[in-house]
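Written out below as structure tokens is the structure these notes cover.
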Amino acid sequence: MDLFIDVLSWTLLTLGGLAVLVGGIGALRMPDLYTRMHAASVTDSLGAILVIAGIMLQAGLSLATIKLAAILLFLLLTSPTSSNALASAALLAGTKPLSERSDAEGES
Amino acid sequence: MTEIFGTFLLSLLVITAVAIVRTKNLFVAVMLMSIASLLIAAVFFLLDAADVALTEAAVGAGISTVLFLGALALTFERERPSATKRALPVIVTVIAALVVIYATFDKPRLGDPEAPVHRHVAPWYLEKTPEYVDIPNVVTAVLGTFRGYDTLGEVFVVFTAGIGVLFLLGYGRVTRSADEETEINVGLRHHLIPRTVGRLLIPFILLFGLYVQFHGEYGPGGGFQAGAIIAASMILYALLEGERHALDVLPQRLLLGLMAGGAILYTGVGILGMLLGGNFLDYSVLSDNPVAGQQLGIILIEAGVGITVTGTLLAIFHAFAARER
């Protein structure tokens, strides 16, 4: 049973690490701000969920698990909100999405 | 394992520091400073210094970023090209860096039990804390009672810094245009999502601040960290509802009172000890049982620290905002 939980938890941790890596690569490689944010959001949604779930399995039923759950809830509430705030701030500042730019403007 | 993580974090820190120096965009520099603080906090945590890590994360990465942004709003986003020559500062910096690196060769290795820091007063603190104070967090015992003078000094440093900033920014000089629908008065009230989530979170941030304040004897935390967290929740309120509404909740006059009041509470506990027949900042006489007296004293002075830090940080924040109005 312990082995099963260990394998499951390390699988989750590895997948979470992969999600963070993919998010990081995406944030570097995507062409404009909005697509970059889209890539980065993989880090703090899927990546955070997988990593924290993995650590929760390692921690077992203890106070640490409850704290981790609270952290996860906090992350799930705040990171989409900050993404929303960032995107609307960018829109207000006049950054147009790539699809709405005319070709004359080209890449920035 | 500590070495691997430490090397990784410190390498990132060096990269961040170089990026801060090289960027011409001050907004980017502020964000990088915040990242640097977070990295340092992680390093502190790696070295088991949870109290310091909490302070660095709350003050360095949180509040000071907000204050930097407040300052940035008053000036320009891009660094002005400097006309002075670069050669001399670079030479001085390189020499200073080489001296510091040379000095690290004399430093004892990490975790060396023979290191002076582990042989001087630290063993005495570790040994006597259960006997004299009887609280699990030795850091709080050292800060609150063994080195109470130092912490009193720190509180007055915070207080003096706050007064200095208020003098520089001209507290109360700017007349307020209360009813105008300016950005600073309205905040993010027209932005539904940040406002809803923010309003949901503020009570929990306040609660966490109080937990850090009063749990400081048992876990990492204390007045400095709690003050920063409580100030952060009020700053969040100001950003969401408009700075003026935050001033309605906690007027600047009250914040000045908090600034002074916390320091007075700390000093008052010290003087009370003298009146009851002990030394200045000797809490043993506050209660019939010396250990209970120590614990009571620590709770009171930590409250004083928290109150002063909250008041100072919020007063500085509002002083920046008042310049913008």
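Chains as they are written, first to last, in the numbering used here: chain A, 8 to 115; chain B, 246 to 570.
Yeah, the Cβ is synthetic: ideal placement off N, Cα and C, and Gly gets one too.
In chain order, 465 place their CB closer than 6 Å to the CB of residue 295 (chain B), counting only its own chain and leaving out the 5 sequence neighbours on each side. According to the DSSP secondary-structure assignment, residue 323 (chain B) is paired through a beta bridge with B:270.
Per DSSP, residue 300 (chain B) is one residue of the alpha helix (DSSP H) stretching across 295–300. Going by beta carbons, residue 31 (chain A) and residue 57 (chain A) fall outside the 8 Å limit. Three or more beta-carbon pairs drawn from the region 441–458 of chain B and the region 469–485 of chain B are found closer than 8 Å, and the two stretches are therefore classed as touching.
Counting other Cβ atoms within 10 Å of its Cβ, residue 528 (chain B) reaches 16 or more and is therefore classed as buried. The C-beta separation of residue 565 (chain B) from residue 333 (chain B) comes to about 33 Å, leaving the pair out of contact by the 8 Å criterion.
As the crow flies, the alpha-carbon of residue 496 (chain B) is around 24 Å from that of residue 439 (chain B). For the region 322–339 of chain B, the set of positions with a beta-carbon nearer than 8 Å to some beta-carbon of chain A is empty. Residue 106 (chain A) and residue 445 (chain B) have their C-alpha atoms spaced approximately 35 Å apart. For residue 84 (chain A), the neighbours in chain B by C-beta distance under 9 Å run, in chain order, 442, 445, 446.
Within the region 85–105 of chain A, 85, 87, 88, 89, 91, 92, 95 place their CB atoms closer than 9 Å to a CB of chain B, listed in sequence order. In the structure shown, the three-state DSSP call for residue 479 (chain B) is helix. Between the alpha carbons of residue 443 (chain B) and residue 312 (chain B) lies a distance of about 19 Å. At least 8 Å separates the beta-carbon of residue 511 (chain B) from that of residue 467 (chain B). In the structure shown, the three-state DSSP call for residue 246 (chain B) is coil. Straight across, the Cα-Cα distance linking residue 401 (chain B) with residue 49 (chain A) is about 45 Å. The count of Cβ pairs closer than 8 Å, one atom from the region 26–43 of chain A and one from the region 74–83 of chain A, stays below three, leaving the stretches out of contact. Taking the Cα of residue 374 (chain B) as reference, the smallest distance to any Cα among B:403, B:441, B:406, B:462 is reached at B:462.
For residue 380 (chain B), the three-state secondary structure derived from DSSP is coil. Listed along chain A, the residues sitting closer than 9 Å to residue 439 (chain B) by beta-carbon distance are 88, 89, 91, 92, 95.
The beta-carbon distance between residue 281 (chain B) and residue 265 (chain B), rounded to whole angstroms, is 7 Å. This is short enough to meet the 8 Å contact definition. Interface residue (Cβ-Cβ distance to chain A less than 8 Å): residue 460 (chain B) is not classified as such.
If you look at residue 93 (chain A), you'll find it in the alpha helix (DSSP H) that goes 70–99. Distance from the CA of residue 44 (chain A) to the CA of residue 90 (chain A), rounded to the nearest whole angstrom, comes to 7 Å.
Within chain A, the residues whose beta carbon sits less than 9 Å from that of residue 436 (chain B) are 91, 92, 95, listed in sequence order. Residue 98 (chain A) is positioned such that its CB atom lies no closer than 8 Å to that of residue 61 (chain A). By the Cβ rule, the region 307–321 of chain B does not count as touching the region 340–355 of chain B, because fewer than three pairs are nearer than 8 Å. For residue 569 (chain B), the enclosing alpha helix (DSSP H) stretches over residues 535–569. By the Cβ neighbour-count rule, residue 339 (chain B) is exposed, with fewer than 16 other Cβ atoms within 10 Å of its own.
Spanning the alpha carbons of residue 353 (chain B) and residue 364 (chain B) requires a straight line of approximately 12 Å. In the three-state DSSP reduction, residue 532 (chain B) falls in the coil class, being neither helix nor strand. Nearest in C-alpha terms to residue 369 (chain B), of all of B:557, B:387, B:435, is B:387. Here residue 569 (chain B) really is in contact with residue 318 (chain B); their C-beta atoms are around 6 Å apart, less than 8 Å. No Cβ-Cβ contact shorter than 8 Å links residue 320 (chain B) with residue 291 (chain B). Under the 10 Å beta carbon count, residue 301 (chain B) is surrounded by 16 or more other beta carbons and is classified as buried.
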